[in-house]
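Only one structure is covered here, and it is reproduced in the block below.
As structure tokens, then:
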């Protein structure tokens, strides 16, 4: 996937416009969750997410998705990480 395809996917799936996130070397955050669906496209470096005890590394060109309410940990790789991130707000039923 390239950047344009990522932006197109966000739009097609009703995500907000992507925002560039830069996380420095050493960035890590413990277990947390978001009240929105997240979809991100890695543009530089890498990031590791741990979901349900399973660790996954995402590098340049990779996309990761996290449904709202998914407990996870995240940590930037040895060069930090930059990624485009889109959010889709969840409306209570």
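Numbering (our numbering), first residue to last: 1475 to 1567. From the three backbone atoms N, C-alpha and C, an ideal C-beta is built for every residue, glycine too. The model shown is predicted, which means the values in this text are computed figures rather than measured ones.
- Note that the stretch 1519 to 1531 does not touch the stretch 1482 to 1494; fewer than 3 beta-carbon pairs, one per stretch, sit closer than 8 Å.
- According to the DSSP assignment, residue 1486 belongs to the alpha helix (DSSP H) that extends over 1477 to 1486.
- DSSP places residue 1532 in the uninterrupted beta strand (DSSP E) bounded by 1528 to 1533.
- Between residue 1515 and residue 1477 the beta-carbon gap is near 7 Å, inside 8 Å, which marks them as a contact.
- By the neighbour-count criterion, in which a residue is buried when 16 or more other Cβ atoms sit within 10 angstroms of its Cβ, residue 1531 is exposed.
- A buried status is given to residue 1511, since no fewer than 16 other beta-carbon atoms sit within 10 Å of its beta-carbon.
- Going by DSSP, residue 1503 is part of the beta strand (DSSP E) stretching over 1502 to 1506.
- CA-to-CA, the gap between residue 1479 and residue 1505 works out to about 30 Å.
- Within 10 angstroms of the beta-carbon of residue 1533 lie fewer than 16 other beta-carbons, which makes it exposed.
- Listed as beta-bridge partners of residue 1512 by DSSP are 1540 and 1561.
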